[in-house]
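One line per chain: the protein sequences are A and B, in this order.
Quick note: the first sequence uses our numbering, first residue 15, plus one each step.
Quick note: the second sequence uses our numbering, first residue 15, plus one each step.
So the structure is just underneath, and the comments pick up after that.
There are 2 protein chains.
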Amino acid sequence: MRMSEGVEWAIHSCLNLTWLEPGEAVPAARLAAFYELPAAYLNKQLQALARAGILASTPGPRGGFRLARRPEDITLMDVVAAIEGPEEAFRCEEVLRRGPGEHEGVDYRRRCLVSQSMRRAELAWRRELAGQTLAGLRDSVERRSPSAPAETRAWFAALRT
Amino acid sequence: MRMSEGVEWAIHSCLNLTWLEPGEAVPAARLAAFYELPAAYLNKQLQALARAGILASTPGPRGGFRLARRPEDITLMDVVAAIEGPEEAFRCEEVLRRGPGEHEGVDYRRRCLVSQSMRRAELAWRRELAGQTLAGLRDSVERRSPSAPAETRAWFAALRT
DNA sequence: GCTACAGTACTCGGATAGATCATGTCCGAGTGGCCAAGG
DNA sequence: CCTTGGCCACTCGGACATGATCTATCCGAGTACTGTAGC
Numbered sequence: 015m016r017m018s019e020g021v022e023w024a025i026h027s028c029l030n031l032t033w034l035e036p037g038e039a040v041p042a043a044r045l046a047a048f049y050e051l052p053a054a055y056l057n058k059q060l061q062a063l064a065r066a067g068i069l070a071s072t073p074g075p076r077g078g079f080r081l082a083r084r085p086e087d088i089t090l091m092d093v094v095a096a097i098e099g100p101e102e103a104f105r106c107e108e109v110l111r112r113g114p115g116e117h118e119g120v121d122y123r124r125r126c127l128v129s130q131s132m133r134r135a136e137l138a139w140r141r142e143l144a145g146q147t148l149a150g151l152r153d154s155v156e157r158r159s160p161s162a163p164a165e166t167r168a169w170f171a172a173l174r175t
Numbered sequence: 015m016r017m018s019e020g021v022e023w024a025i026h027s028c029l030n031l032t033w034l035e036p037g038e039a040v041p042a043a044r045l046a047a048f049y050e051l052p053a054a055y056l057n058k059q060l061q062a063l064a065r066a067g068i069l070a071s072t073p074g075p076r077g078g079f080r081l082a083r084r085p086e087d088i089t090l091m092d093v094v095a096a097i098e099g100p101e102e103a104f105r106c107e108e109v110l111r112r113g114p115g116e117h118e119g120v121d122y123r124r125r126c127l128v129s130q131s132m133r134r135a136e137l138a139w140r141r142e143l144a145g146q147t148l149a150g151l152r153d154s155v156e157r158r159s160p161s162a163p164a165e166t167r168a169w170f171a172a173l174r175t
């Protein structure tokens with residue numbers, strides 16, 4: 015069970031976008047350069063975020079990606095779900111159905127106690143992620159490094175490097 | 015992020031093993047037949063459980079697998095870790111290290127707030143899994159289906175089917 | 001000087017290869033049981 | 001009848017194919033800017 019590398023990139027990139035002027039768009043290539051990431055592949059992840067309604071994209075010169083809604087309304091769960099997909103990590107394949115006994119019309123995804131336990135654990139994980147917003151994360155970073163917003167904004171404003 | 019199919023098989027198989035006579039071993043093929051699973055592949059998963067010290071294995075006739083310790087001392091976390099490996103789902107690759115700024119001797123796996131948030135969520139998941147023992151699960155099943163232990167034991171005792 | 005227009009550079013978006021891991025299968029090493037032969 | 005030795009069947013364990021998914025890359029469609037020509 016390995017989470018995609020793109021999740022880390024996506025969260026950090028979204029965080030950087032929170033520090034830009036409202037309405038300002040940044041090309042994927044520039045976001046990638048910030049962390050020296052492969053541009054085309056990061057672009058792919060950003061597309062997924064755009065499809066999920068987290069980012070908004072504009073093509074052409076002066077185009078790029080920007081947050082589609084307020085950082086207060088974007089949770090880590092949203093970002094993870096956009097990259098990894100909405101399905102759960104533990105997939106109950108209902109092995110009980112193939113075991114001995116009667117199985118007519120029984121939904122083992124709900125009835126099976128093993129499935130319930132696994133689901134409960136995963137729910138705790140999701141709840142924790144859903145409790146963290148991009149705004150909260152941004153504020154925490156700013157408390158630790160008050161210069162981060164200005165520095166990041168300056169870096170993206172600069173033409174090179 | 016998809017969990018291995020083997021996790022579901024492993025938990026159900028361990029559960030079945032809790033209902034056997036103490037010290038009685040069951041071949042992988044027989045455990046697989048219970049849920050109509052591919053025997054050789056289930057065998058592979060059971061080997062992982064044996065390496066993790068959850069099951070004990072004996073080769074030769076009358077051999078097979080049995081629980082290596084009491085069901086009270088086996089958690090779902092143990093089983094999942096045995097199959098999926100001990101590493102975390104979210105791997106912090108420390109992208110911050112490649113970003114602008116100073117990075118000498120900084121452990122971003124601990125310092126990065128993104129990494130911390132993801133880690134906290136995953137910890138909630140692990141804690142939930144670690145709170146569920148095989149014994150607890152077994153008792154829940156027995157409360158719902160009091161005949162389960164006897165039926166399961168009888169099925170494994172029967173020579174065919 | 002102002003406007004219209006064509007060319008150009010830039011960006012996303014999806015389609016296309018390669019690498020890595022999960023899935024599934026197979027055969028060999030070792031062990032215990034069984035059977036027969038001998039005492 | 002009891003013991004002993006060899007044979008055989010059974011089981012795990014790891015090595016070997018196969019397929020799906022993650023990773024990485026490339027090129028085309030569309031857009032906004034820019035520079036120029038005409039009025």
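Glycine included, each C-beta is placed from N, C-alpha and C at the ideal position.
From a predicted model like this one, the values you see are computed outputs, not experimental measurements.
Asked: Sub-8 angstroms separation of Ile97(A) and Gly20(A) beta-carbons; Found: yes
Asked: Proximal residues to Leu56(A) (C-beta, below 6 angstroms), its chain only, five neighbours per side dropped; Found: Trp23, Ala42, Ala46
Asked: Within-8 angstroms CB hit, Gln59(A) to chain B; Found: no
Asked: Chain-ordered neighbours of His26(A) on chain B, where CB pairs are closer than 9 angstroms; Found: Val109, Leu110, Gly113, Cys126, Val128
Asked: Below-8 angstroms beta-carbon distance, Ala46(B) vs any chain A residue; Found: no
Asked: Test: Phe79(B) CB closer than 8 angstroms to a CB of chain A; Found: no
Asked: Sheet register partners of Phe104(B) (DSSP bridge); Found: None, per the DSSP bridge assignment.
Asked: 9 angstroms Cβ cut-off: residues of chain A touching Arg167(B); Found: Chain A residues near Arg167(B): none, gap ~12 angstroms exceeds 9 angstroms.
Asked: Contact the segment 130-137 of chain A vs the segment 97-116 of chain A: 3+ CB pairs below 8 angstroms; Found: yes
Asked: Residue(s) in a DSSP beta bridge with Leu69(B); Found: Leu81(B)
Asked: Exposure label - Arg124(A); buried when at least 16 CB within 10 Å; Found: exposed
Asked: Ala164(B) to Ser129(A) span [Cα, whole Å]; Found: 22 angstroms
Asked: Expected contact under 8 angstroms - CB spacing of Leu148(A) and Thr32(A) to nearest Å; Found: 6 angstroms
Asked: In DSSP terms, what Val93(B) is bridged to; Found: Paired residues: none, contrary to the question.
Asked: Interface flag, Phe170(A) vs chain B, CB-CB below 8 angstroms; Found: no
Asked: Collapsed DSSP secondary structure at Val155(B) in the structure displayed; Found: helix
Asked: Strand pairing of Val109(A), partner residues [DSSP]; Found: Its beta-bridge partners do not exist; DSSP assigns none.
Asked: Residue from Ile88(A), Ala64(A), Val93(A) whose Cα sits closest to the Cα of Phe79(A); Found: Ala64(A)
Asked: C-alpha distance - Arg76(B) paired with Arg158(B), whole-angstrom precision; Found: 32 angstroms
Asked: Contact under 8 angstroms by Cβ, His26(B) with Val109(A); Found: yes
Asked: Bridge partner(s) assigned by DSSP for Thr166(B); Found: Looking at the DSSP assignment, Thr166(B) forms no beta bridge with any residue, so it has no partner.
Asked: Contacting positions in the segment 138-152 of chain B - beta carbon closer than 7 angstroms to chain A; Found: Ala138, Trp139, Glu142, Leu143, Gln146, Leu151
Asked: is_contact[Ser71(A), chain B] using C-beta, thresh 8 angstroms; Found: no
Asked: Chain A within 8 angstroms of Trp33(B), Cβ atoms only; Found: no
Asked: Same chain only: Cβ atoms within 8 angstroms of Leu143(B), ignoring 5 sequence neighbours per side; Found: Thr89, Leu90, Met91, Val94
Asked: 7 angstroms CB neighbourhood of Ala62(B) in its chain, flanking five on each side removed; Found: Ala96, Ile97
Asked: Helix, strand or coil at Val40(B) [DSSP, three-state]; Found: strand
Asked: Pair within 8 angstroms by beta-carbon distance, Ala82(A) and Ala138(B); Found: no
Asked: Proximal residues of chain A, C-beta to C-beta of Ala135(B) below 7 angstroms; Found: Trp139, Glu142, Leu143
Asked: Contact list for Leu90(A) against chain B, beta-carbon separation under 7 angstroms; Found: Ser131
Asked: Cβ-based neighbour list, Arg111(A), same chain, cut-off 8 angstroms, excluding 5 preceding and 5 following; Found: His117, Val120, Tyr122
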